[in-house]
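Since the structure comes first, as structure tokens, the remarks are kept for the end.
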Amino acid sequence: MHLATVLAIVGCSILVSAAQLDAAAAAEAGIEEGWEHVTSGSTIKLAHTKSSARLTMPQVGYGTGSQQQAVTAQSDASLTKAFWLVELSDNDEKKKKGEPVRGSQIPCGSQIRLVNSDTSHALHSHGNHKSPMSGNQEVSGYEGRDTGDFWTVECADKKAKFWIREAPVYFKHMETDKYLQSLPNKKYRHPIVGHQEVSAGKKADANAQWMALEGYYFR
25 MHLATVLAIV
35 GCSILVSAAQ
45 LDAAAAAEAG
55 IEEGWEHVTS
65 GSTIKLAHTK
75 SSARLTMPQV
85 GYGTGSQQQA
95 VTAQSDASLT
105 KAFWLVELSD
115 NDEKKKKGEP
125 VRGSQIPCGS
135 QIRLVNSDTS
145 HALHSHGNHK
155 SPMSGNQEVS
165 GYEGRDTGDF
175 WTVECADKKA
185 KFWIREAPVY
195 FKHMETDKYL
205 QSLPNKKYRH
215 PIVGHQEVSA
225 GKKADANAQW
235 MALEGYYFR
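Reading the sequence shown from the start, the letters are residues 25 to 243 in our numbering.
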């Protein structure tokens, strides 16, 4: 389903080659022309590139560490708890000026917050707690709002200018410089059998790549 608000066309010759690259990547993925970009205000599912598992919140609290809500990756693509609202950070220039940002394309390098649409908890991390299985930095769902919620979108394709659907990206935690990751060999048992642990690690490697797939995209 496409939800359209305002279509903005920006004619800027210096960005033509980058825009063509972005469009080519989207066309290769079979995405309808004009809907290639992940935009502010969109509600999306994020797939772990290596395992195809979707980032989700099973509404189970950690028994260790922060004891906040667990964040996992799960192979069932139909999960409703796997939708995340994309919000630009307060540092975004449009937001600073009080301009509307819904439908704005998200440049690589942007700072964002991801909010679970089912629980309204933000994707969060903090350097003082370890994940329960791998001992990496814990990633949780946080009911409040603070600077631990912000992630930088790093596009895997260094030539890309914008975050494109179905193109791999990394999410770098702003406060700790760790990358959102999932390790397919680290799976929980009861009560969330088969869910992969999600944590934050030091490397922007295959375990840390994610893609925007299903969702409600604004433009």
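Note that the Cβ used here is the ideal one computed from N, Cα and C, for glycine as well. This structure is a prediction, so every number in the text was calculated from the model and none was measured.
Give me the Cα-Cα distance between proline 82 and alanine 94, rounded to the nearest whole angstrom.
7 Å
Extent of the continuous beta strand (DSSP E) run through glutamate 332
For residue 332 there is no data in the structure shown, the boundaries of the chain being 25 and 243.
Along the chain, where does the beta strand (DSSP E) containing arginine 78 start, and where does it finish?
78–80
Tryptophan 234 - containing beta strand (DSSP E), residue span:
234–240
On the CB-based measure, 16 or more other CB atoms within 10 Å of its CB, does valine 62 come out buried or exposed?
buried
Host beta strand (DSSP E) of tryptophan 187 (start-end):
No beta strand (DSSP E) contains tryptophan 187, which DSSP labels as neither H nor E.
Taking 7 Å as the threshold (C-beta atoms), are leucine 207 and serine 158 in contact?
yes
Over the uninterrupted beta strand (DSSP E) stretch that includes isoleucine 68, give me the two end residues.
67–72
Please list, in chain order, all residues of the same chain as serine 134 whose beta carbon is under 6 Å from its beta carbon, the five residues on each side excluded.
Val177
Supposed close pair tryptophan 5, cysteine 132 - CB separation, criterion 8 Å:
Summary: the structure shown does not reach residue 5, with the chain confined to residues 25 through 243, and so no result is reported for it.
Using a 10 Å radius around the Cβ and a threshold of 16 neighbouring Cβ atoms, would you call alanine 224 buried or exposed?
buried
Closer than 6 Å by C-beta to phenylalanine 195: which residues in its own chain qualify, once you throw out the five before and the five after it? Chain order, please.
Trp175, Leu204
Taking the alpha-carbon positions, what's the lysine 202 to glycine 54 distance?
32 Å
Under three-state DSSP, which class holds glycine 225?
strand
Return the CA-CA distance between proline 247 and glutamate 57, expressed in angstroms with no decimal places.
Here the chain comprises residues numbered 25 to 243, so residue 247 is not present and cannot be evaluated.
What are the start and end residues of the beta strand (DSSP E) that includes valine 125?
Where valine 125 is concerned, there is no enclosing beta strand (DSSP E), given that its DSSP letter is neither H nor E.
Find the nearest neighbour of alanine 97 within the set Gln91, Trp234, His150, judged by alpha-carbon distance.
Trp234
Burial state of serine 128, where buried means 16 or more other Cβ atoms lie within 10 Å:
buried
Check whether the region 63–77 touches the region 107–116, counting contact only when three or more Cβ pairs, one atom from each stretch, lie closer than 8 Å.
yes
What separation, rounded to the nearest whole angstrom, lies between the Cα atoms of glutamine 161 and threonine 104?
26 Å
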